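Per full-length UniProt numbering, the very first residue in the sequence shown carries number 1; after that it's consecutive.
Glycine residues also receive a C-beta, built at the ideal position from the N, C-alpha and C atoms.
Small disclaimer: the values here were computed from a predicted structure and weren't measured.
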Amino acid sequence: MSFQISELERRLAGLIRFGTVEAADYARARVRVRMGEAVTDWLPWLTLRAGNDRSWWALEPGEQVLVLSVSGDTSQGVVLGSIFQQVHPAPASSKDLDRREYSDGAVIEYDRKAHRLRANIPGDAELVASGDISANAGKNITGTAGTKVELTAPSITLNGVIFLNGPLTQGGGSGGGNAEFRGSLRTTGEIHSEDDVTSRVSLNGHTHPCPHGGNTGAPS
Numbered sequence: 001m002s003f004q005i006s007e008l009e010r011r012l013a014g015l016i017r018f019g020t021v022e023a024a025d026y027a028r029a030r031v032r033v034r035m036g037e038a039v040t041d042w043l044p045w046l047t048l049r050a051g052n053d054r055s056w057w058a059l060e061p062g063e064q065v066l067v068l069s070v071s072g073d074t075s076q077g078v079v080l081g082s083i084f085q086q087v088h089p090a091p092a093s094s095k096d097l098d099r100r101e102y103s104d105g106a107v108i109e110y111d112r113k114a115h116r117l118r119a120n121i122p123g124d125a126e127l128v129a130s131g132d133i134s135a136n137a138g139k140n141i142t143g144t145a146g147t148k149v150e151l152t153a154p155s156i157t158l159n160g161v162i163f164l165n166g167p168l169t170q171g172g173g174s175g176g177g178n179a180e181f182r183g184s185l186r187t188t189g190e191i192h193s194e195d196d197v198t199s200r201v202s203l204n205g206h207t208h209p210c211p212h213g214g215n216t217g218a219p220s
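And the structure:
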């Protein structure tokens with residue numbers, strides 16, 4: 001009877017234990033966990049989804065974790081997840097904040113109280129969709145680029161009044177291109193072209209009556 005009780009106590013003691021990730025095998029999605037002086041065999045860790053839909057956020061050496069072992073046998077253990085520790089404390093202290101911090105400095109968070117989603121990425125961001133991409137804002141959309149903004153499409157439509165705070169250069173590739181305005185064009189400055197222009201009226205092809213009869217020829 002005493003042996004059975006001792007065995008039961010051993011199993012209960014080994015059922016749930018704290019430890020620290022000692023090593024990781026990312027190809028097999030396994031980690032080894034140090035629990036005191038002992039180090040476990042390679043154990044799987046718990047993930048959100050592992051079927052047709054899958055999730056991946058790998059544990060790293062040094063993370064404090066909780067290990068659940070069937071019947072107290074650590075060889076049948078599963079790593080349940082990470083636990084905050086003094087070296088790696090909680091990244092927030094608000095019940096309204098969902099925040100993820102990455103070791104390269106990236107931060108993604110949603111504040112439900114402020115109704116604000118924020119992503120701070122130290123590198124590039126890429127969004128790819130095989131269908132449409134839509135963006136709608138109840139107020140303003142503001143974008144700032146340090147070098148340039150480039151849009152490429154067979155046709156680009158801008159609906160609304162357009163204000164350009166800067167020069168406008170129109171081209172059409174190496175061969176140039178045409179511009180068409182279905183309305184009046186007004187400028188407070190001059191209009192220059194390869195054509196001769198005076199008072200905003202072209203003189204190319206201009207003729208006038210000749211005192212000797214007929215009309216003059218066009219300028220050359």
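- Message: What does the alpha-carbon distance come out to for the pair Ile83 and Ser6?
- Response: 30 Å
- Query: Residues in its own chain within less than 6 Å of Tyr110 by CB, not counting five upstream and five downstream?
  - Reply: Asp98 and Leu117
- Query: Nearest to Ala145 by alpha carbon, out of Asp41, Asp124, Ser130 and Asn159?
  - Reply: Asp124
- Query: Taking the Cβ atom as the reference point for each residue, do His88 and Gly62 lie within a distance shorter than 9 Å?
  - Reply: yes
- Task: Return the bridge partner residues of Pro44 from the DSSP annotation.
- Result: Arg30
- Return yes when the Cβ of Lys113 is within less than 9 Å of the Cβ of Ser93, no when it is not. no
- Item | Closest by C-alpha distance to Arg17, when choosing among Arg34, Arg30, Asp132 and Asn215 | Arg34
- Within this structure, are the beta carbons of Leu59 and Val31 separated by less than 9 Å? yes
- Message: Comparing C-alpha positions only, which one of Thr152, Trp57 and Lys139 sits nearest to Tyr26?
- Response: Trp57
- Item | Buried versus exposed call for Gly77 [16 or more other C-beta atoms within 10 Å across all chains shown] | buried
- Over what stretch of residues does the beta strand (DSSP E) that includes Ile108 continue unbroken? Val107 to Asp111
- Message: If I follow the unbroken beta strand (DSSP E) through Glu22, where does it start and stop?
- Response: Ile16 to Asp25
- In three-state DSSP terms, what is Ser2? helix
- Can you check whether the CB of Gly138 is closer than 9 Å to the CB of Gln64? no
- Under 9 Å, do Ala29 and Pro44 count as touching if we go by C-beta distance? yes
- Assign Ser75 to one of two classes, buried (16 or more other C-beta atoms within 10 Å of its C-beta) or exposed (fewer than that). exposed
- Query: How is the beta strand (DSSP E) around Glu63 delimited, first residue to last?
  - Reply: Element bounds for Glu63: n/a, residue is neither H nor E.
- Task: Measure from the alpha carbon of Gly81 to the alpha carbon of each residue in Leu46, Arg54 and Arg100, then state which is nearest.
- Result: Leu46
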